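Contents: one structure, followed by commentary.
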Amino acid sequence: MAYLPIENYGVIGDMHTVALVGNNGSVDWFCYPAFDSPSVFAAILDDQKGGRFQISPTCKVKTYKQFYWPETNVLVTRFLAADAVGEVVDFMPIGRRADNTPFHRLVRQVRTVRGSMPFRMVCEPAFNYARDTHEIQITPMGAHFHSEKQGLWLSSTISLSPTENGKGVTSDFTLEEGQSATLVLRGAIKPGEPHESVSREDADRQFDMTVHYWRNWLAKCQYTGRWREMVHRSALALKLLTYEPTGAIVAAPTCSLPEGIGGQRNWDYRYTWIRDAAFTVYGFMRLGFTDEAFHFMEWIDARAHETGPGRPLQIMYGIDGRHTLTEETLDHLDGYMGSKPVRIGNGAYNQLQLDIYGELMDSVYLFNKYGTPISFEQWEHFRELTNWVVNNWKQKDEGIWEVRGGQQHFVYSKLMCWVAVDRALRLADKRSFPADRTLWLKTRDEIFMEIMTQGWNKEKQAFVQHYGSDTLDAANLIMPLVFFVSPTDKRMLKTLDAINRPPKEGGLVSNSLVYRYDHTNGIDGLTGEEGTFNMCTFWLVEALTRAGSNDRHRLDQARLIFEQILGHANHLGLYGEETGPAGEALGNFPQAFTHLSLISAAYNLDRALGQ
89 MAYLPIENYG
99 VIGDMHTVAL
109 VGNNGSVDWF
119 CYPAFDSPSV
129 FAAILDDQKG
139 GRFQISPTCK
149 VKTYKQFYWP
159 ETNVLVTRFL
169 AADAVGEVVD
179 FMPIGRRADN
189 TPFHRLVRQV
199 RTVRGSMPFR
209 MVCEPAFNYA
219 RDTHEIQITP
229 MGAHFHSEKQ
239 GLWLSSTISL
249 SPTENGKGVT
259 SDFTLEEGQS
269 ATLVLRGAIK
279 PGEPHESVSR
289 EDADRQFDMT
299 VHYWRNWLAK
309 CQYTGRWREM
319 VHRSALALKL
329 LTYEPTGAIV
339 AAPTCSLPEG
349 IGGQRNWDYR
359 YTWIRDAAFT
369 VYGFMRLGFT
379 DEAFHFMEWI
389 DARAHETGPG
399 RPLQIMYGID
409 GRHTLTEETL
419 DHLDGYMGSK
429 PVRIGNGAYN
439 QLQLDIYGEL
449 MDSVYLFNKY
459 GTPISFEQWE
469 HFRELTNWVV
479 NNWKQKDEGI
489 WEVRGGQQHF
499 VYSKLMCWVA
509 VDRALRLADK
519 RSFPADRTLW
529 LKTRDEIFME
539 IMTQGWNKEK
549 QAFVQHYGSD
559 TLDAANLIMP
569 LVFFVSPTDK
579 RMLKTLDAIN
589 RPPKEGGLVS
599 NSLVYRYDHT
609 NGIDGLTGEE
619 GTFNMCTFWL
629 VEALTRAGSN
639 DRHRLDQARL
649 IFEQILGHAN
659 HLGLYGEETG
669 PAGEALGNFP
679 QAFTHLSLIS
689 AAYNLDRALG
699 Q
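Printed below as a string of structure tokens:
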């Protein structure tokens, strides 16, 4: 086996966890039963030891194809040979069993749609990130894998036998045209519970139920503009990243996929960042999905209750709300294509990132306006958070990019502190809530003037990364998007032009793709390279769109860049965090930030073109 390109994966899920399925029919990433549970299959992080669940033909295949069942997160992987066509349909059932518990299962249906095709199935779990050994019990109905802490039951309509290494089960079988086989992976059997058999009829019933769920959910989408299929796919991807029991939204469902092959920029994103989730709420509300926004507000309200007077929010939490996300390295895993270290947990959880309050208060303001009016009790918590910003905005912090090279007065952080106070003022006035308006107004004006004087570099003729810096930062593209400045303000246009130059000319744009900053200046405290940041490219599109309100050239440029970045989606319309120099996906996959910024850019660009 060899590592697949990151972009060669599709994703399925049930709003508890996901599985990454390669176009070769292999499940190479699966954490069970939740997003942040230890992995069961992690071949994407170690081809030899990580574990996988593969179903693929043993004959010569000319072409591999993947597509989603229309308007769903049900994935079809097709194998096209000269004289046969086979396929695997993968999904995780949505809904609940008769005892009202979630299904928590991975269903794989194999069939031949033309000719006769031989297949091989190999299921080799590697529990707890391949740290725990396990035993196997094979029965006529399937196989039971159990380690000291966890177990899985594989039901099968085909006979199974142990693999040569004794770590899994395998089966070689041939399906004639119209025939099928079904395999279902689920949680361990409880003591005294009978082994569960599987039938095609049961799988078909769950397939129909899952398709019905996704189509019903997507039917609520109110977007009818250009690029609707891409917007729909982004919405479906974001829904997959929502943890149903709590309403939390993970930044990405994977860990340690590298931002540069062979480098050390490998992080665990299976947690809920206040920033990412707040932006995602904005994306959901843009499309009319107010239920998801409501559940996230319930989750954030619970976190606000935990802070106590005068204490800030953390920048991120576990999907269950836990506060401690201790970072550790898994030295026994080789990493994706040798990219070490492999990290789980995230040491940035105790960083100070002042910008999160701006993103949060912006989403609260929009939720109150377009969703459900917030309660007085909720306002009391948000007022407390705003007062904390008023008292602490002058601090240095690690910024949106979570640098590990020391705190700075990052312009983006100050900008979002301005947003936090501005949105709190607007909300207080709109709802006539009690607030210290005089102090808040004074603070908002003070932040504005400080950014204009210390965040602006006269020599560079641009807003820069931090006070005293001459380094550009693509995060500043968001200034007109949050109404800090007019999109046609001369300073904003000069910043836009400075960023929209090639790196060799001091800019951040290469082949219409945007680097978040110049990583060679050492600001992030890390070595190695990284790709262009997809979210920043969509921010450039949106900034150009708004600047194009009275400049057709900028609007045309926005559309061209948007079409180009759409071309960097994978075959299923999914994006990682970054795009490499050869167009390859880099970073954790799929990435919520990228898909929500796509939604926002499409919405505003479509509206501008319509006008």
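Throughout, this note's numbering is defined as the position within the sequence shown, counted from one, plus 88.
C-beta: ideal position from N, C-alpha, C; glycine also.
Quantities reported herein were computed from a predicted structural model and do not represent experimental measurements.
C-alpha gap between residue i and residue j, whole angstroms
i: H35; j: K502; result: The structure shown does not extend to residue 35, since the chain is modelled only from 89 through 699, so no value can be given for it.
i: M318; j: C343; result: 25 Å
i: F167; j: R604; result: 38 Å
i: E618; j: H683; result: 19 Å
i: L628; j: I687; result: 14 Å
i: M103; j: H659; result: 23 Å
i: V128; j: D290; result: 25 Å
i: V164; j: A107; result: 13 Å
i: G313; j: E380; result: 22 Å
i: R358; j: A339; result: 6 Å
i: D556; j: H497; result: In the sequence on display, residue 556 carries Gly and not Asp. The straight-line gap from Cα to Cα measures roughly 9 Å.
i: G174; j: D606; result: 47 Å
i: T360; j: T105; result: 14 Å
i: F626; j: D364; result: 15 Å
i: F681; j: W241; result: 35 Å
i: V430; j: G698; result: 47 Å
i: D220; j: G256; result: 14 Å
i: I100; j: D296; result: 15 Å
i: F155; j: W302; result: 15 Å
i: W481; j: M537; result: 13 Å
i: D691; j: W315; result: Rather than Asp, the amino acid found at residue 691 in this sequence is Tyr. So the alpha carbons of these two residues sit roughly 9 Å apart.
i: G435; j: E415; result: 5 Å
i: Y663; j: M623; result: 10 Å
i: A366; j: P206; result: 48 Å
i: V299; j: V176; result: 16 Å
Three-way DSSP call (helix, strand, coil) for residue i in this model
i: K484; result: coil
i: H192; result: coil
i: N545; result: strand
i: I535; result: helix
i: G98; result: strand
i: D290; result: helix
i: T330; result: strand
i: M373; result: helix
i: R410; result: coil
i: W241; result: strand
i: Q645; result: helix
i: E416; result: strand
i: C309; result: coil
i: R492; result: coil
i: K153; result: strand
i: A323; result: helix
i: I432; result: strand
i: V338; result: coil
Environment of residue i [buried if 16+ CB atoms lie within 10 Å]
i: T526; result: exposed
i: N456; result: buried
i: F87; result: Any question about residue 87 goes unanswered here, given that the chain covers just 89 to 699.
i: H222; result: buried
i: K327; result: buried
i: M540; result: exposed
i: H702; result: The first residue shown for the chain is 89 and the last is 699, placing residue 702 beyond what the model contains.
i: Q136; result: exposed
From the options, residue whose alpha carbon lies closest to that of residue i
i: A172; options: Y555, G266 and V286; result: G266
i: T151; options: D116, T576 and N111; result: N111
i: T330; options: V507, S557, I407 and W489; result: I407
i: S685; options: A673, L565 and N599; result: L565
i: Y445; options: L401, D187 and P93; result: L401
i: F572; options: M504, F470 and Q294; result: M504
i: P121; options: V491, V162, A523 and P333; result: P333
i: A390; options: G335, H420 and Q352; result: G335
i: E252; options: I224, S268, G275 and G239; result: I224
i: S244; options: G254, E264 and L194; result: L194
The ligand PLP heavy atom lying under 8 Å from the CB of residue i
i: R303; result: The model on display carries no ligand, and the ligand PLP is accordingly not part of it.
query = Within the chosen definition, does the segment 226 to 234 reach the segment 191 to 207 through at least 3 CB pairs nearer than 8 Å?
reply = no
ask   = So, do the segment 582 to 602 and the segment 514 to 528 have three or more beta carbon pairs nearer to each other than 8 Å?
value = no
message = Assess contact between the segment 172 to 185 and the segment 124 to 141, defined as three or more Cβ pairs (one per stretch) separated by less than 8 Å. Is contact present?
response = no
inquiry  = Three or more C-beta pairs under 8 Å: does that hold for the segment 139 to 148 against the segment 203 to 214?
reply    = The segment 139 to 148, when compared against the segment 203 to 214, does touch it at the 8 Å Cβ threshold.
ask   = Can you find at least 3 beta carbon pairs, one from the segment 541 to 552 and one from the segment 576 to 584, that sit closer than 8 Å?
value = A contact exists between the segment 541 to 552 and the segment 576 to 584.
ask   = Do the segment 340 to 354 and the segment 307 to 322 make contact, defined as three or more Cβ pairs closer than 8 Å?
value = Two segments are said to touch when three or more pairs of C-beta atoms, one from each, lie closer than 8 Å; by this definition the segment 340 to 354 does not touch the segment 307 to 322.
message = Closer than 8 Å is the cut-off here; do at least three beta carbon pairs connect the segment 289 to 303 with the segment 235 to 242?
response = no
request  = Determine, using beta-carbon pairs with one atom in the segment 475 to 487 and one in the segment 423 to 433, whether at least three such pairs fall under 8 Å.
outcome  = Cβ pair count under 8 Å is below three, so no.
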